[in-house]
Amino acid sequence: MRSPIPDYLDEILDKHRQDRSGAPADYIPALAAADPEKLAICISTLDGIEYASGDSDYAFTIQSMSKPFVYGMALERLGMSAVLDRVGVEPTGEAFNELSLDETSGKPLNPMINAGAITVHSLLGPSGSSAAERAEIVRAGLSEFAGRELTIDGSVAESERAGAYRNIAIANMLRSYDVITDDPDEAVNGYIDQCSVLVTVADLALMAATLAGGGINPKTGRQVLSPRVNRQVLGVMMTCGMYDVAGDWMTEVGVPAKSGVSGGVFGVLPGQLGISVYSPRLDSHGSSVRGTNIFHTLSDDMGLHIMEAPEPARSIIRRDRRFVGANGEMVRICSLQGLIQWSGAENVLRTMDEPDSTTTVFVLDLRRVYSINDVARRLFTEALARMKNAGVRVVLMDPENLLECAGPGSPLPDVKLIDSLKPLKGLKRLRNARLLR
Ligand code: GLN
Numbered sequence: 007m008r009s010p011i012p013d014y015l016d017e018i019l020d021k022h023r024q025d026r027s028g029a030p031a032d033y034i035p036a037l038a039a040a041d042p043e044k045l046a047i048c049i050s051t052l053d054g055i056e057y058a059s060g061d062s063d064y065a066f067t068i069q070s071m072s073k074p075f076v077y078g079m080a081l082e083r084l085g086m087s088a089v090l091d092r093v094g095v096e097p098t099g100e101a102f103n104e105l106s107l108d109e110t111s112g113k114p115l116n117p118m119i120n121a122g123a124i125t126v127h128s129l130l131g132p133s134g135s136s137a138a139e140r141a142e143i144v145r146a147g148l149s150e151f152a153g154r155e156l157t158i159d160g161s162v163a164e165s166e167r168a169g170a171y172r173n174i175a176i177a178n179m180l181r182s183y184d185v186i187t188d189d190p191d192e193a194v195n196g197y198i199d200q201c202s203v204l205v206t207v208a209d210l211a212l213m214a215a216t217l218a219g220g221g222i223n224p225k226t227g228r229q230v231l232s233p234r235v236n237r238q239v240l241g242v243m244m245t246c247g248m249y250d251v252a253g254d255w256m257t258e259v260g261v262p263a264k265s266g267v268s269g270g271v272f273g274v275l276p277g278q279l280g281i282s283v284y285s286p287r288l289d290s291h292g293s294s295v296r297g298t299n300i301f302h303t304l305s306d307d308m309g310l311h312i313m314e315a316p317e318p319a320r321s322i323i324r325r326d327r328r329f330v331g332a333n334g335e336m337v338r339i340c341s342l343q344g345l346i347q348w349s350g351a352e353n354v355l356r357t358m359d360e361p362d363s364t365t366t367v368f369v370l371d372l373r374r375v376y377s378i379n380d381v382a383r384r385l386f387t388e389a390l391a392r393m394k395n396a397g398v399r400v401v402l403m404d405p406e407n408l409l410e411c412a413g414p415g416s417p418l419p420d421v422k423l424i425d426s427l428k429p430l431k432g433l434k435r436l437r438n439a440r441l442l443r
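To get our numbering, take the position in the sequence shown, counting from 1, and add 6.
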């Protein structure tokens, strides 16, 4: 069978190719010269598969799409509080190049607008670092997300530098308020190199998939960002990534995303995939016209909206059986299935909470559970400990050690682990329930 996914991507591009509205960025002459007909899309899965269509080998500069990744790099290197002390996380509702600082804190409002991004850039490397030194840190760091060595397009950087009055003004504003403490010109120059790193839609989709996978690059397997930093980056992308249309984007498309004035847009669906689109004609907000429209289509067609509530999970309690053993022991076997998070755990805890219980042996069967998150694990561990304290013998079937109850230092060291319910089947199972003693 030929997968319908590549055909679908071809169709999407064909559907939007006729739209020639908008215009390439003109304040950076090298971008104004881009071929406006270029159109490309790529989806990267969390197991490292790419589906691409259109001009997917065409390289363009990353521009503002570098901002979330460089923010992640700074958080990782300096720690959360050092970065949050300098740059906030509040949406501005303003354009990306607004000269703005938070009125009370005096900090840039968020790292997705230029004021915040220039500040974040200036935090990399030891103080007094040159533009070239910081640009190299950024280039190497972005390469980790892309899983290959990326390069800087010097001619696009020069072209931007020649007319960078707005960013120079922003950097001087930041310097005058001591938000950045180094030379503002070096900060802008380094930031412009950051924006001039060349990527393809395939690179961007993989970079996005790295964020979708909790910071692990699906191709190289490397943990590029820690889960906490990764979450921070996605949170900021979700609220601030699309600047002054963040609310519209979030309600309509519902995928944390970032656009750049080169015409790229990428989106991250946590736990599922990374997507990127390239088409140079921009709307009045500095985002790709076709890119934006394609994201609307993809979100509808592929059910990507992050706020679309998933179907309530089928009961995770697969079976809940009771037996009487030969010696009168009252055995209860509770078999669970699927993915267990807070609500599933709550469900199980509710059934375990029997005020006048006669159960003397409680078997928790996790053989068909494939994932338990941290909160569910803690709830179960506590519930089983309480059962033991109430005098019930607890038996666990947990071959994958999802509850982490086996082994040294486990929270329930004396819980019995078994790997089969065979002795409990049929009539025999009543007699053999004794095995559980
Ligand atoms: N280099 C561009 C600038 O700072 C990036 C802006 C963008 O992509 N939105 O103006």
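Cβ atoms here follow ideal geometry from the backbone N, Cα and C, with glycine treated the same way. Given the structure is predicted, the values throughout are model-derived calculations rather than measurements.
In the DSSP annotation of this structure, the continuous segment of the beta strand (DSSP E) that includes Phe-368 starts and ends at 367-378. Set against 8 Å, the gap from the CB of Phe-102 to the closest heavy atom of ligand 1 is smaller.
Under the criterion of beta carbons closer than 8 Å, Val-76 and Gln-200 qualify as touching, at roughly 6 Å. The distance from the Cβ of Gly-280 to that of Ala-211 is about 5 Å, consistent with a contact at the 8 Å cut-off.
Membership of Cys-48 in the beta strand (DSSP E) is indicated by the continuous run 46-51.
In terms of CA proximity to Ala-146, Val-203 leads the group Val-203, Arg-384, Arg-167, Met-86.
Burial state of Asn-195 is buried, judged by a 10 Å Cβ sphere holding 16 or more other Cβ atoms. When the alpha-carbon of Asn-223 is set against those of Ile-55, Ser-294, Ile-424, the nearest one is in Ile-55. A distance criterion of 8 Å places the beta-carbon of Cys-246 beyond contact range of ligand 1, judged by its closest non-hydrogen atom. Within the chosen limit of 8 Å, ligand 1 reaches the beta carbon of Gly-266 through at least one heavy atom.
The residue among Ala-36, Ser-341, Asp-13, Pro-316 with its C-alpha nearest the C-alpha of Arg-167 is Ala-36. The count of Cβ pairs closer than 8 Å, one atom from the segment 7-18 and one from the segment 127-145, stays below three, leaving the stretches out of contact. Shortest gap from the CB of Ile-198 to any heavy atom of ligand 1: under 8 Å. An exposed status is given to Met-313, since fewer than 16 other beta-carbon atoms sit within 10 Å of its beta-carbon.
By a beta-carbon distance limit of 8 Å, Val-251 does not contact Glu-82. Their separation comes to about 29 Å. By the 16-neighbour rule on beta-carbons within 10 angstroms, Met-403 is buried. Apart from sequence neighbours up to five positions away, the residues of its chain that approach Ser-136 with a beta-carbon distance below 7 Å are Glu-192, ordered along the chain. Within the segment 160-212, complete beta strand (DSSP E) segments of at least 3 residues are not found at all.
By the C-beta density criterion, His-302 is exposed, having fewer than 16 other C-beta atoms within 10 angstroms. With respect to Leu-231, Gly-241 sits apart: the two C-beta atoms are not nearer than 9 Å. For Cys-48, the CB stays at least 8 Å from every heavy atom of ligand 1. Within the segment 73-106, the complete alpha helix (DSSP H) runs of at least 4 residues fall at 73-84, 86-90.
DSSP, reduced to helix, strand and coil, places Ser-135 outside both helices and strands of the structure shown, so it counts as coil.
Spanning the alpha carbons of Pro-276 and Leu-217 requires a straight line of approximately 7 Å. C-alpha of Ile-322 to C-alpha of Leu-409: approximately 16 Å in a straight line.
9 Å or more divides the Cβ of Leu-418 from the Cβ of Val-401. The C-beta separation of Ala-46 from Val-205 comes to about 11 Å, leaving the pair out of contact by the 8 Å criterion. In this structure the segment 334-352 does not touch the segment 284-302; the number of beta carbon pairs closer than 8 Å is below three. Distance from the CA of Val-375 to the CA of Ile-68, rounded to the nearest whole angstrom, comes to 41 Å. Listed in chain order, the non-local C-beta contacts of Pro-97 below 7 Å within the same chain comprise Asn-116, Thr-245, Cys-246, Ala-252, local neighbours out to five positions each way being set aside. For Glu-164, the closest alpha carbon among the candidates Val-261, Ile-198, Val-185, Gly-292 is that of Ile-198. In this structure, Asn-116 has its CB at a distance of at least 8 Å from all heavy atoms of ligand 1. In its chain, beyond the 5 residues on either side, Leu-279 have a beta carbon closer than 6 Å to the beta carbon of Thr-51.
Exclusion of Gly-220 from the 8 Å shell around ligand 1 follows from its C-beta lying no nearer than that to any non-hydrogen atom of the ligand.
Val-261 sits away from Ala-58, with the two beta carbons spaced by 9 Å or more.
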